[in-house]
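*Asks:*
Protein chains: 2
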Amino acid sequence: MSLLEDLVALIGSEHVLTGEEASPYLTDWRNRYTGRCLAVVKPADTEELAEVVKLCQQADAPMVPQGGNTGLCGGATPSNKGDAVIILLSRMNKVLDVDTANDTMTVQAGCILQDVQDAADKAGRLFPLSLGAEGSCTIGGNLATNAGGTQVLRYGNARDLCLGLEVVTAEGDIVNTLKSLRKDNTGYDLRNLFIGSEGTLGIITAATLKLFPKPAAVTTAFLALEGFEQAIKVLNRSKRQFDASLTGFELISDYCLSIVQKHLSHIRIPFPVDTAPWYVLMEISDSEGEDHAREMFERVIGEAFENNEILDAVIAESIQQSNELWHLREAVPLAEAEVGKAIKNDISIPVSKMDEFVRITNAKLQEFMPGIQMSVFGHLGDGNLHYNVCPPDDERKADFLTHQDEIFKIVFDSVHEFDGSISAEHGIGQLKRDILPEYKDENAMWIMRKIKRALDPNSLLNPGKVISSVEINP
Amino acid sequence: MSLLEDLVALIGSEHVLTGEEASPYLTDWRNRYTGRCLAVVKPADTEELAEVVKLCQQADAPMVPQGGNTGLCGGATPSNKGDAVIILLSRMNKVLDVDTANDTMTVQAGCILQDVQDAADKAGRLFPLSLGAEGSCTIGGNLATNAGGTQVLRYGNARDLCLGLEVVTAEGDIVNTLKSLRKDNTGYDLRNLFIGSEGTLGIITAATLKLFPKPAAVTTAFLALEGFEQAIKVLNRSKRQFDASLTGFELISDYCLSIVQKHLSHIRIPFPVDTAPWYVLMEISDSEGEDHAREMFERVIGEAFENNEILDAVIAESIQQSNELWHLREAVPLAEAEVGKAIKNDISIPVSKMDEFVRITNAKLQEFMPGIQMSVFGHLGDGNLHYNVCPPDDERKADFLTHQDEIFKIVFDSVHEFDGSISAEHGIGQLKRDILPEYKDENAMWIMRKIKRALDPNSLLNPGKVISSVEINP
Numbered sequence: 001m002s003l004l005e006d007l008v009a010l011i012g013s014e015h016v017l018t019g020e021e022a023s024p025y026l027t028d029w030r031n032r033y034t035g036r037c038l039a040v041v042k043p044a045d046t047e048e049l050a051e052v053v054k055l056c057q058q059a060d061a062p063m064v065p066q067g068g069n070t071g072l073c074g075g076a077t078p079s080n081k082g083d084a085v086i087i088l089l090s091r092m093n094k095v096l097d098v099d100t101a102n103d104t105m106t107v108q109a110g111c112i113l114q115d116v117q118d119a120a121d122k123a124g125r126l127f128p129l130s131l132g133a134e135g136s137c138t139i140g141g142n143l144a145t146n147a148g149g150t151q152v153l154r155y156g157n158a159r160d161l162c163l164g165l166e167v168v169t170a171e172g173d174i175v176n177t178l179k180s181l182r183k184d185n186t187g188y189d190l191r192n193l194f195i196g197s198e199g200t201l202g203i204i205t206a207a208t209l210k211l212f213p214k215p216a217a218v219t220t221a222f223l224a225l226e227g228f229e230q231a232i233k234v235l236n237r238s239k240r241q242f243d244a245s246l247t248g249f250e251l252i253s254d255y256c257l258s259i260v261q262k263h264l265s266h267i268r269i270p271f272p273v274d275t276a277p278w279y280v281l282m283e284i285s286d287s288e289g290e291d292h293a294r295e296m297f298e299r300v301i302g303e304a305f306e307n308n309e310i311l312d313a314v315i316a317e318s319i320q321q322s323n324e325l326w327h328l329r330e331a332v333p334l335a336e337a338e339v340g341k342a343i344k345n346d347i348s349i350p351v352s353k354m355d356e357f358v359r360i361t362n363a364k365l366q367e368f369m370p371g372i373q374m375s376v377f378g379h380l381g382d383g384n385l386h387y388n389v390c391p392p393d394d395e396r397k398a399d400f401l402t403h404q405d406e407i408f409k410i411v412f413d414s415v416h417e418f419d420g421s422i423s424a425e426h427g428i429g430q431l432k433r434d435i436l437p438e439y440k441d442e443n444a445m446w447i448m449r450k451i452k453r454a455l456d457p458n459s460l461l462n463p464g465k466v467i468s469s470v471e472i473n474p
Numbered sequence: 001m002s003l004l005e006d007l008v009a010l011i012g013s014e015h016v017l018t019g020e021e022a023s024p025y026l027t028d029w030r031n032r033y034t035g036r037c038l039a040v041v042k043p044a045d046t047e048e049l050a051e052v053v054k055l056c057q058q059a060d061a062p063m064v065p066q067g068g069n070t071g072l073c074g075g076a077t078p079s080n081k082g083d084a085v086i087i088l089l090s091r092m093n094k095v096l097d098v099d100t101a102n103d104t105m106t107v108q109a110g111c112i113l114q115d116v117q118d119a120a121d122k123a124g125r126l127f128p129l130s131l132g133a134e135g136s137c138t139i140g141g142n143l144a145t146n147a148g149g150t151q152v153l154r155y156g157n158a159r160d161l162c163l164g165l166e167v168v169t170a171e172g173d174i175v176n177t178l179k180s181l182r183k184d185n186t187g188y189d190l191r192n193l194f195i196g197s198e199g200t201l202g203i204i205t206a207a208t209l210k211l212f213p214k215p216a217a218v219t220t221a222f223l224a225l226e227g228f229e230q231a232i233k234v235l236n237r238s239k240r241q242f243d244a245s246l247t248g249f250e251l252i253s254d255y256c257l258s259i260v261q262k263h264l265s266h267i268r269i270p271f272p273v274d275t276a277p278w279y280v281l282m283e284i285s286d287s288e289g290e291d292h293a294r295e296m297f298e299r300v301i302g303e304a305f306e307n308n309e310i311l312d313a314v315i316a317e318s319i320q321q322s323n324e325l326w327h328l329r330e331a332v333p334l335a336e337a338e339v340g341k342a343i344k345n346d347i348s349i350p351v352s353k354m355d356e357f358v359r360i361t362n363a364k365l366q367e368f369m370p371g372i373q374m375s376v377f378g379h380l381g382d383g384n385l386h387y388n389v390c391p392p393d394d395e396r397k398a399d400f401l402t403h404q405d406e407i408f409k410i411v412f413d414s415v416h417e418f419d420g421s422i423s424a425e426h427g428i429g430q431l432k433r434d435i436l437p438e439y440k441d442e443n444a445m446w447i448m449r450k451i452k453r454a455l456d457p458n459s460l461l462n463p464g465k466v467i468s469s470v471e472i473n474p
């Protein structure tokens, strides 16, 4: 029998998609990559998924696990060869257990992130992972890529929110370490090895997650600042005075506000856009209540004023005003799209070096193409910037994207010089696979290849993602 | 030349110890294991350490990295063969960098934990890892064993406090991933693989650590509770109302208090020891100040009273009273030693199952040996219990330790049944190496062996620790 026949026999023809039915799964979310496949299969549970893997191993067929297909680096899209089996986790979407006394929940990997959040909410708890794609991305994909989002400052990345995993190996063995323990020092940390490995070392099929108390009040403020130096001073003041209640610290440049004003005029901006070169959206989640949150905010912002750290500030008076401030933040990438195709960077830099990094890299980019416009915003509290390069406002717009490789090189070289990372939260996938070895420690790359070879000797698990070659001495 | 001569030629005879000079490094802290060695070497820096590793590889000599030699599972003690080279990190004890704007510091692995804490403190920051041995253990050892301690509830284990590592591999290559970034999704998580691997996959030579704001006030309370159920209710109430300010939640049984009273009469106990079956030492670290901390404490404890969750409570009026309450907690293991040799367990259990675990396991132990006494205390907030079995108060005391294996089996079988861990924070080392496969997922063990083989093919890095055999199908 052929692999396709074997798969149909195993899980039923209605769960094995080919031809037109398979096509929605062959192109990535940003429309950058399109591949081909033998079939898209939707196993019912972990045991069935493990049998699918065994069949693929026997047939020497590449396997591409896919969650909500919302990744930004082409990590869930197969190659052009047409021999791959896409393993969809969509039927494995159950919340298996919520344990409020232990503040944990156990979910299947195909659970939509929003459903995970909702299940936690219903149980009176918070599952804090939150990102733009939360209505369609899956927790398995979040873990496979170690997703970030807007709550990292307080609660950490996806990695930090996971206590245990169930994983199917390249050989189709089930590794069950679904422990809901906050302390467990019994051998190597396999959980964190699978998290962030983008499906290249194993397929995550279920996870035990941490839950948190819901905050009693969430409040935001919008600050205008004279410079980066001041932003970092306010950040450190806020960390000291709010401690873990500080749940958001988002930087936005004046250029970002100006393009929102120009292209999305329905978005409310609390200041004239020339008030200051930098702005900060700050959020605190308070365990006591609205009054305490507001009182604290007023005290901290007052002291920052007195110390000339901020030029102006608005504290949201209502949930509606808070939401408006977040809409402003979320409008920045939408306004960017109106300006013309931007070359986007998802980088991290030590907070102490960010000011210098931005000045020097901006200058290098201006030198390369005078008139280039910088859309800089992001999670300053995490050291993570969306450092996006927009075309000059003239005829050079048209072929701007043809300069992508040169601009990537300028930015990544500078990131490397400032001890930063070329991928803060989006991962490597196909997009940065070939460039990674230029910036990653050579011996670290070797160890990655050794681990890949040890865990997936036939290189069938999501091949061509993260690492290009498993040869130790290529 | 012999390996010994090569080592002397490389790092100088004054840094190569043999014979009597080597003996302090051959026995573990608890006097359970004594080994032999070819030499104890003290490299000056990472480059020299890497050369030592290369020489050992050439000579096929086992390498045993050692920090402060305070481990509790024999993980830093060589075997009896006498062919091992103990690699001491004691000369690599410098704080390399403190970056307050980024809230990070970079230290060599041989730094004493207390020196790391002090350097953070001098810079106006908190490095929260804290444990009994902090005056002599090293940060490298803390990371190699993923140490826990008293601040895990709020700040996490050693793992959670580390952002980047420098590691020397089994081949003597230096892997430099000393990044001080909170977000970095560029490939497999090697950092967490080395952390907790107890020196069997590589030798940690330096680390970048997270710093935190110092709390404005730290306050403690001591509570008397009718049962486990109430303790968990108070824990959940405290997590909700204090959120991340809750930095300690230590459970202590009435038996623990009674042996402190009997054997360490100078220790102040705030209640008559028959007030309740269970007690909790609670700590909050407040970012606002003493008044706010106290006000919050009174409110939360008041509400717990009204809901019949606690029988009695004392809030510390001063730092001295806080210290006294912590002394009481720390006196429990000292009092245990006075009762007679206890069989100690460092286990974790989901908080929601702890009550039942303790009842059922206590009953099984009583059945095995009527009159046995249970000294139960620990970090309830983390689900981590020191579940120590003390001899009956009669002639059976004398040969109590001869029952260790039987008692381990009763306890570990029960831990396993309740989805717990047989080593919450102390690791595996030699002590639990052979018993680990009985309780760990079989496929997880296989993956551990595959990784060990891939990264240390000649099995020379701390052999005989964590895993007994690297054969995939033994």
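Protein sequences appear in the order of chains E and P. UniProt numbering numbers the first residue of the first sequence as 1 and each following residue consecutively. UniProt numbering numbers the first residue of the second sequence as 1 and each following residue consecutively. Ideal placement from N, C-alpha and C gives every residue a C-beta, glycine not left out. Just so you know, these numbers come straight off a predicted model, no measurement behind them.
#1: If I measure Cβ to Cβ from Asp346 (chain P) and keep anything under 7 Å in the same chain, skipping five residues before and after, which residues do I get?
#2: So Trp278 (chain E) is in the beta strand (DSSP E); what residue range does that whole segment cover?
#3: What does a CB cutoff of less than 6 Å around Glu324 (chain P) pick up in its chain, not counting 5 residues either side in sequence?
#4: So, does the CB of Met448 (chain P) fall closer than 8 Å to a CB anywhere in chain E?
#5: Going by DSSP, name the residue or residues bridged to Gln66 (chain P).
#6: Applying the criterion that 16 or more other CB atoms from any shown protein chain within 10 Å of the CB defines a buried residue, is Gln404 (chain P) buried or exposed?
#7: Once DSSP output is grouped into helix, strand and coil, what is the label at Ile195 (chain P)?
#8: In whole angstroms, give me the CA-to-CA distance for Leu113 (chain P) and His266 (chain E).
#9: To the nearest angstrom, how far is it from the Cα of Tyr279 (chain P) to the Cα of Leu225 (chain P)?
#10: What does residue 476 (chain P) touch in chain E if you count any residue whose Cβ is under 7 Å from its own?
#11: Quick one: which residues of the stretch 327-358 of chain E get their C-beta closer than 7 Å to a C-beta of chain P? List them in chain order.
#12: In terms of residue numbering, what span does the beta strand (DSSP E) encompassing His403 (chain P) cover?
#13: What in chain E is Cβ-close to Phe305 (chain P), meaning under 7 Å?
#14: So, with DSSP's three-state summary, where would you put Tyr33 (chain E)?
#15: Can you give me, in chain order, the residues of the stretch 228-244 of chain E that have a beta carbon less than 8 Å from any beta carbon in chain P?
#16: Out of P:Leu89, P:Trp326, P:Glu442 and P:Ala39, which has the shortest C-alpha to C-alpha gap to Asp83 (chain P)?
#17: Take Asn362 (chain P) and list the residues in its own chain whose beta-carbon comes closer than 8 Å to its own, dropping the five residues that flank it on each side.
#18: Could you name the residues of the stretch 210-225 of chain E whose beta carbon sits closer than 9 Å to any beta carbon of chain P, in the order they occur along the chain?
#19: State the CB to CB distance for the pair Thr208 (chain P) and Thr106 (chain P), rounded to an integer number of angstroms; the pair is presumed to be in contact (CB under 8 Å).
#20: Mind checking the stretch 170-181 of chain E against chain P and listing, in chain order, the residues whose C-beta falls within less than 8 Å of any C-beta there?
#21: Buried or exposed, going by whether 16 or more other CB atoms sit within 10 Å of the CB of Gln241 (chain P)?
#22: Taking all protein chains shown into account, decide if Glu184 (chain P) is buried (16 or more other Cβ within 10 angstroms of its Cβ) or exposed.
#23: Please name the residue in E:Tyr255, E:Asn443, E:His379 and E:Glu283 whose C-alpha comes closest to that of Ala335 (chain E).
#24: With a threshold of 16 other CB atoms inside 10 Å of the CB of Lys239 (chain E), please say whether the residue is buried or exposed.
#25: When you compare only the Cα positions, how much space is there between Pro474 (chain E) and Lys440 (chain E)?
#26: I think Asn69 (chain P) touches Tyr25 (chain P), with their Cβ atoms under 8 Å apart; what is that distance to the nearest whole Å?
#27: Along chain P, in chain order, which residues have C-beta atoms closer than 7 Å to that of residue 491 (chain E)?
#28: Quick test of your reading: Leu181 (chain E) and Pro350 (chain P), contact by CB under 8 Å. State the CB separation rounded to the nearest angstrom.
#29: For the beta strand (DSSP E) containing Asn56 (chain P), name the first residue and the last one.
#30: Whole angstroms are fine: how far does the CA of Glu442 (chain E) sit from the CA of Glu406 (chain P)?
#31: Pairing CB atoms from the stretch 311-320 of chain E with CB atoms from the stretch 271-288 of chain E, are three or more of them under 8 Å?
#32: Take Asn458 (chain P) and list the residues in its own chain whose beta-carbon comes closer than 6 Å to its own, dropping the five residues that flank it on each side.
#33: Can you name the start and end residues of the alpha helix (DSSP H) that Lys239 (chain E) belongs to?
#34: With 8 Å set as the bound, which would you pick, yes or no: does the beta-carbon of Asn473 (chain E) sit closer than that to a beta-carbon of chain P?
#35: Specify the secondary structure class of Ala144 (chain P) as computed by DSSP and reduced to three states.
#36: Can you tell me the Cα-Cα spacing of Thr145 (chain P) and Ala217 (chain E), whole angstroms?
*Replies:* On the basis of the data shown:
#1: So the qualifying residues of the chain are His386, Ser423, Ala424, Glu425 and His426.
#2: Trp278 to Asp286
#3: Arg268
#4: yes
#5: Looking at the DSSP assignment, Gln66 (chain P) forms a beta bridge with P:Leu88.
#6: exposed
#7: coil
#8: Using only the alpha carbons, I get a separation of about 55 Å.
#9: 6 Å
#10: Because chain P in this structure spans residues 1 to 474, residue 476 (chain P) falls outside the shown range and cannot be described.
#11: Ser348, Pro350, Val351 and Ser352
#12: Per DSSP, His403 (chain P) belongs to no beta strand (DSSP E) and is neither H nor E.
#13: Result: empty, since nearest Cβ-Cβ is about 19 Å, beyond 7 Å.
#14: coil
#15: Ile232, Asn236, Lys239, Arg240, Gln241, Phe242, Asp243 and Ala244
#16: Cα-wise, what sits closest to Asp83 (chain P) is P:Ala39.
#17: Met374, listed in sequence order.
#18: Phe212, Pro213, Lys214, Pro215 and Ala216
#19: 5 Å
#20: Cβ contacts with chain P: Asp173, Ile174, Val175, Asn176, Thr177, Lys179, Ser180 and Leu181.
#21: buried
#22: The amino acid occupying residue 184 (chain P) in the given sequence is Asp; Glu does not appear at that position. So Asp184 (chain P) ends up on the buried side.
#23: E:Tyr255
#24: buried
#25: In this prediction, Pro474 (chain E) scores a pLDDT of 39, lower than 50, which makes its location untrustworthy; no coordinate-derived value is stated.
#26: 6 Å
#27: Any property of residue 491 (chain E) remains undetermined from this structure, which presents chain E solely from 1 to 474.
#28: 7 Å
#29: Checking the displayed sequence, the identity of residue 56 (chain P) turns out to be Cys instead of Asn. Segment Thr46 to Ala59 is the alpha helix (DSSP H) holding Cys56 (chain P); no beta strand (DSSP E) there.
#30: 49 Å
#31: yes
#32: For Asn458 (chain P), same chain residues with a beta-carbon under 6 Å away, outside a window of 5 residues either side, do not exist.
#33: Phe228 to Phe242
#34: Because Asn473 (chain E) carries a pLDDT of 48, less than 50, the predicted location of this residue cannot be relied on, and no value is offered for it.
#35: In the structure shown, Ala144 (chain P) sits in a helix (DSSP, three-state: H, G or I).
#36: Between the alpha carbons of Thr145 (chain P) and Ala217 (chain E) lies a distance of about 39 Å.
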